[in-house]
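Visitor:
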Amino acid sequence: MPASTLLPDSLLLNGREFRYQDIQQYPANTPADLNGYEARVLDFCRQWLNGAQEFGLRTSGSTGKPQLVQMKRRQLEASARRTGDYFDLGPGDRMLVCLNCEFVGGIMMLVRAFERNMHLTIVEPQADPMVLVPAATFDFASFVPLQLREVLANGHGPRLNRMKAILVGGASVEKSLEKEIQKLKVPVYLTYGMTETASHIALRRLNGPSVSPYYQVLPGIHVGQDERGCLTVRADVTNDQLITTNDRVQLQPENHTFEWLGRADFVINSGGVKVQAEKVELVLEVALTELGLSRRAFVAGRPDARLGEQVTVIIEGAPLPPHQQQQLLALLTERLEKYERPREVVYVPQFKTTASGKLDRLGTMRGQGAAPHPHQR
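Note that the UniProt record's numbering has the sequence shown beginning at 1, numbered continuously upward.
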């Protein structure tokens, strides 16, 4: 067997090598100076390498209270096999794991590497994980949007272009980032999935000749819709149980694709009109970019005596100068329907995030400092 395809018998974690035979005996035969994250990663690896048949995976808590989901080994294996087949991953390939391995996105990267006999480099999550491995090259990686933005801003594009493919998920990809992704030659895919489906079950190409606004459902995944228009999923990765999501989609069953419309629980009922928050957020994001404002923002419904709920813009950081806020609201008024137009702007010093790095909308709204800025339409 060529040297490049020798089956790995160890992994790298934060720059240190750990042999599989030692990991199987964890915590024996491992250094005593591990930090908490390293210990938790090695404990999952120990379970997997020793053949554990069931795993408790935590949900991120971005849309509700975090929960523990029990998953069978065969579900994780099926997910890893499907991704490995799709991207032609195999022995000798090099994987970078920079997602949080305490959640399904990072855990499934580990499982894919083990199942496909890939060389595994794990680094603790940070904004630009590539700086932690400056001399290394990789064939496959997965990032959250914040990480990919930092990686590109720091000039690592040529290193990314040596990979077979890149996944990005865990949050929406802003238009400004999507524009930067177009400069990459490596195929970049936005993922759709959740803990209950053992990571992604559909992919949307973000660049290249196959760029698409639609998610392509992976082979062997059966999808449908409930009475709300929300996606349902049944497959080996769900243990053949029907999973009903809160994601509203436009489904095209004949070619196994769908367009994501937004979450059913992010619908704002304003004066009896149902407003999809994510649609308003897209217009808001474009408007902020056009005005040269680099701000994180989202849209939520806040109680209103007359309308029931009013569409509200939540912006991170100090209040905008009055003229800029007026410019922003003018653009939104021009581009949105009557009931979609924000009636209030709220400034929050810093958005809250979940342990997996996702925006915690509910926590942010409940947090201190979410008082309305003096602007009422």
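All C-beta atoms in this analysis are idealised placements derived from N, C-alpha and C, irrespective of residue type, glycine included.
It should be emphasised that the depicted structure is a prediction, and the values quoted were computed from it without experimental measurement.
Runs of 4 residues minimum, wholly inside the UniProt domain "AMP-dependent synthetase/ligase" (59-205): which ones carry the alpha helix (DSSP H) assignment?
Guide: The qualifying runs are 73-87, 104-115, 145-153, 157-160 and 175-181.
Visitor: Please name the residue or residues paired with ALA300 in a DSSP beta bridge.
Guide: Looking up residue 300 in the sequence shown gives position 300. Partner(s): THR312.
Visitor: Helix, strand or coil for GLN225 per DSSP?
Guide: Within the sequence shown, the letter at position 225 stands for residue 225. In the structure shown, GLN225 sits in a strand (DSSP, three-state: E or B).
Visitor: Measuring straight from C-alpha to C-alpha, what distance separates residue 404 and ALA113?
Guide: For residue 404 there is no data in the structure shown, the boundaries of the chain being 1 and 377.
Visitor: With DSSP as the reference, please indicate the residues paired to THR333 in a beta bridge.
Guide: Taking the first residue of the sequence shown as 1, we reach residue 333 at position 333. Answer is none; THR333 lacks a bridge partner.
Visitor: Can you give the Cα-Cα distance for LEU336 and PRO342, rounded to whole angstroms?
Guide: On the sequence shown, position 336 is the one that residue 336 refers to. On the sequence shown, position 342 is the one that residue 342 refers to. Computed Cα separation, rounded: 9 angstroms.
Visitor: Is the region 233-248 close to the region 185-203, with three or more CB pairs under 8 angstroms?
Guide: Contact holds: three or more Cβ-Cβ distances are below 8 angstroms.
Visitor: Look up VAL211 in the DSSP assignment and say whether it is helix, strand or coil.
Guide: For the purposes of this step, residue 211 is identified with residue 211 of the sequence shown, where counting begins at 1. If DSSP states are grouped into helix, strand and coil, VAL211 belongs with coil.
Visitor: Between the C-alpha atoms of VAL275 and ALA28, what's the straight-line distance to the nearest angstrom?
Guide: Within the sequence shown, residue 275 is the residue found at index 275, counting from 1. Within the sequence shown, residue 28 is the residue found at index 28, counting from 1. Going by the C-alpha atoms only, they are around 56 angstroms apart.
Visitor: Which first and last residues belong to the beta strand (DSSP E) in which GLU340 is found?
Guide: Reading the sequence shown from its first residue, position 340 is the one you call residue 340. No beta strand (DSSP E) contains GLU340, which DSSP labels as neither H nor E.
Visitor: Since SER142 and LEU99 should fall inside the 8 angstroms C-beta cutoff, what is the C-beta to C-beta distance between them, to a whole number of angstroms?
Guide: If you number the sequence shown from 1, residue 142 lands on position 142. If you number the sequence shown from 1, residue 99 lands on position 99. With 8 angstroms as the limit, SER142 and LEU99 qualify as a contact, their Cβ atoms being about 6 angstroms apart.
Visitor: Does the distance from the C-beta atom of VAL299 to that of GLU281 stay below 8 angstroms?
Guide: In the sequence shown, residue 299 corresponds to position 299, counting from 1. In the sequence shown, residue 281 corresponds to position 281, counting from 1. Yes; because the gap between Cβ atoms is below 8 angstroms, this pair is in contact.
Visitor: Within a Cβ cutoff of 6 angstroms, which residues of the same chain sit near ASN269, ignoring the five residues on either side of it in sequence?
Guide: Locating residue 269 in the sequence shown gives position 269, where the first residue counts as 1. Cβ within range, chain order: GLY308 and GLU309.
Visitor: Shortest alpha-carbon distance to TYR214 belongs to which of ILE221, VAL249 and GLY220?
Guide: Here residue 214 refers to the residue found at position 214 when the sequence shown is read from its first residue. It is VAL249.
Visitor: Is it right to say ARG366 is buried, meaning 16 or more other beta carbons lie within 10 angstroms of its own, or is it exposed?
Guide: Working through the sequence shown from its first residue, we reach residue 366 at position 366. ARG366 comes out exposed.
Visitor: What did DSSP end up calling GLY357 once you bin it into helix, strand or coil?
Guide: Position 357 of the sequence shown, counting from 1, holds the residue named residue 357. DSSP places GLY357 in coil when its eight states are reduced to three.
Visitor: Compare the Cα-Cα distances from GLN75 to each of ASP93, ASP88, PHE87 and ILE107 and report the closest residue.
Guide: To locate residue 75, count along the sequence shown from 1; it is residue 75. The option with the nearest alpha carbon to GLN75 is ILE107.
Visitor: Going by DSSP, what residues sit across from CYS230 in a beta bridge?
Guide: On the sequence shown, position 230 is the one that residue 230 refers to. Looking at the DSSP assignment, CYS230 forms a beta bridge with ARG248.
Visitor: Under three-state DSSP, which class holds GLY220?
Guide: The count along the sequence shown starts at 1 and reaches residue 220 at position 220. Coil at GLY220, not helix or strand.
Visitor: Where does residue 387 land, buried or exposed, given buried means 16+ other C-beta within 10 angstroms?
Guide: Any answer about residue 387 is impossible in this case: the structure gives the chain only from 1 up to 377.
Visitor: Hey, how far is the Cα of PRO2 from the Cα of ASN161?
Guide: Numbered from its first residue, the sequence shown carries residue 2 at position 2. Numbered from its first residue, the sequence shown carries residue 161 at position 161. The predicted model places PRO2 with a pLDDT of 41, which falls under 50 and marks its position as unreliable; any figure quoted below should be read in that light. One C-alpha to the other measures close to 24 angstroms.
Visitor: What separation, rounded to the nearest whole angstrom, lies between the Cα atoms of VAL173 and GLU150?
Guide: Here residue 173 refers to the residue found at position 173 of the sequence shown. Here residue 150 refers to the residue found at position 150 of the sequence shown. The alpha-carbon atoms of VAL173 and GLU150 are separated by roughly 13 angstroms.
Visitor: Return yes when the Cβ of GLU102 is within less than 8 angstroms of the Cβ of ARG40, no when it is not.
Guide: Position 40 of the sequence shown, counted from the first residue, corresponds to residue 40. Position 102 of the sequence shown, counted from the first residue, corresponds to residue 102. Yes; because the gap between Cβ atoms is below 8 angstroms, this pair is in contact.
Visitor: Sort out for me which residues DSSP pairs GLN276 with in a bridge.
Guide: Sequence index remark: in the sequence shown, residue 276 carries index 276 (1-based). Looking at the DSSP assignment, GLN276 forms a beta bridge with VAL267.
Visitor: Please look up how many angstroms separate the CB atoms of VAL237 and SER79, rounded, as I've assumed it's under 8 angstroms.
Guide: Within the sequence shown, residue 237 is the residue found at index 237, counting from 1. Within the sequence shown, residue 79 is the residue found at index 79, counting from 1. That belief holds up - the Cβ atoms of VAL237 and SER79 are roughly 5 angstroms apart, short of 8 angstroms.
Visitor: Quick check on DSSP: helix, strand or coil for GLY262?
Guide: Sequence index remark: in the sequence shown, residue 262 carries index 262 (1-based). In this structure, GLY262 counts as strand in the three-state DSSP scheme.
Visitor: Bridge partners for GLU17 per DSSP, in chain order?
Guide: Against the sequence shown, residue 17 aligns to sequence position 17. The partner list for GLU17 (beta bridge, DSSP) reads LEU12.
Visitor: Just grab the DSSP bridge partners of GLU54 for me.
Guide: Counting from one through the sequence shown, the residue named residue 54 turns up at place 54. DSSP, once it has assigned bridges, lists LYS72 as partnering GLU54.
Visitor: Between PRO349, LEU89 and GLU124, which lies nearest to LEU12 when the distance is taken from Cα to Cα?
Guide: Locating residue 12 in the sequence shown gives position 12, counting from the first residue. Nearest option by C-alpha distance: GLU124.
Visitor: Under a three-way DSSP split, which group does THR257 fall into?
Guide: Residue 257 sits at position 257 when you count from the first residue of the sequence shown. It is a strand residue.
Visitor: Which residue comes first and which comes last in the alpha helix (DSSP H) that contains VAL41?
Guide: Here residue 41 refers to the residue found at position 41 when the sequence shown is read from its first residue. Here the alpha helix (DSSP H) through VAL41 covers 36-49.
Visitor: Between which residues of its own chain and VAL283 is the CB-CB distance below 7 angstroms, once the five residues before and five after are set aside?
Guide: For the purposes of this step, residue 283 is taken as residue 283 along the sequence shown, with counting starting at 1. Cβ neighbours of VAL283 beyond the five flanking positions: LEU332, ARG335 and LEU336.
Visitor: Sort ASN246, ASP85, VAL273 and HIS222 by Cα distance to GLN252 and report the nearest one.
Guide: Translated into positions along the sequence shown, residue 252 becomes position 252. Looking at the Cα atoms, HIS222 is the closest of the given residues.
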